[in-house]
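Student: Numbering (the working numbering), first residue to last: 28 to 254.
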Ligand SMILES: *Cc1c(COP(=O)(O)O)cnc(C)c1O
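(1) Please tell me whether residue 147 and residue 162 are closer than 8 Å, where the distance is taken between their beta carbons.
(2) Quick check on the DSSP output: the beta strand (DSSP E) that includes residue 100 runs from which residue to which?
(3) Is it buried or exposed for residue 251, if we count other Cβ within 10 angstroms and need 16 for buried?
(4) Residue 177 and residue 126: beta carbons closer than 8 Å?
(5) Does at least one heavy atom of ligand 1 sit under 7 Å from the Cβ of residue 62?
(6) By the DSSP assignment, the beta strand (DSSP E) with residue 108 in it spans what residues?
(7) For ligand 1, I want to know if residue 72 counts as a neighbour, meaning its beta carbon is within less than 7 Å of at least one of the ligand's heavy atoms.
(8) Would you call residue 211 buried or exposed, if buried means 16 or more other Cβ atoms sit within 10 Å of its Cβ?
(9) How far does the alpha helix (DSSP H) with residue 56 in it extend, from its first residue to its last?
(10) Verify the contact flag: residue 235, CB atom, against every heavy atom of ligand 1, threshold strictly below 7 Å.
(11) Got a sec? Which residues, its chain only, sit under 6 Å from residue 88 by beta carbon, not counting five neighbours each side?
(12) Do the CB positions of residue 231 and residue 195 come within less than 8 Å of each other?
(13) Could you tell me the boundaries of the alpha helix (DSSP H) in which residue 42 lies?
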């Protein structure tokens, strides 16, 4: 299958899942996860109408920033080391993976130098698996509060990555829990925090995530093929 036909099929499934959940399909955005894929694949997807691309590794993203001159929006979705932030300052639209205040502080510092504001999500490790990045649920509330005090950061929501299951229904409780946590944070009414985004759902389970309120689904293999 071609990238453009995969994209058409995924967009159709996103639309159907939103309708089934009685949600506005326009409220669910597709992040095409292009890690390990060449820039030519990204350009091909862009020409087929895809605008948001998610990358995990800064050393891979930096050359792509130069190679892809089309008006794509880059999202960082993988674990981010503070010492790499300077390479992407001002060049990405959203960072999904803020999981500690030291990282938030460095993003604030680098974006501050450019007099810009960086939109971020707080990554929560709902399952508590030690292999996964992310804060605890209590830690997330604290991190949102502390990040809200940084002038060049705007918290836009939460992100999670549940454990891998063969059955997408098994991931659903983790998605529901992220939404519940987001509602808890929203109710705190923290100044400067805008909890609109829920980044959850990947190739194998995005429909369940949409039913539980995802606004950003991160899909790689179902668009670009196996890595
Ligand atoms: C790789 C990756 C994805 C995409 O996974 P697929 O199963 O290929 O759709 C989504 N989110 C994160 C954080 C990833 O690292």
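Virtual Cβ for every residue (Gly too), placed ideally from N, Cα, C. The structure presented is a predicted model; accordingly, all values stated were derived computationally and were not measured.
Tutor: A quick look at the data gives this:
(1) Using a Cβ distance threshold of 8 Å, residue 147 and residue 162 do not count as a contacting pair.
(2) Residues 100-103.
(3) So residue 251 ends up on the buried side.
(4) By the CB criterion at 8 Å, residue 177 and residue 126 fall outside the cutoff.
(5) Yes, the Cβ of residue 62 comes within 7 Å of a heavy atom of ligand 1.
(6) For residue 108, no beta strand (DSSP E) segment is defined, and its DSSP state is neither H nor E.
(7) Proximity of the beta carbon of residue 72 to ligand 1 is not indicated: no heavy atom of the ligand is located closer than 7 Å.
(8) Result: exposed.
(9) Segment 56-60 is the beta strand (DSSP E) holding residue 56; no alpha helix (DSSP H) there.
(10) False, no ligand heavy atom lies under 7 Å from that Cβ.
(11) Cβ within range, chain order: 82.
(12) For residue 231 and residue 195, yes; Cβs fall inside 8 Å.
(13) Note, residue 42: alpha helix (DSSP H), 30-47.
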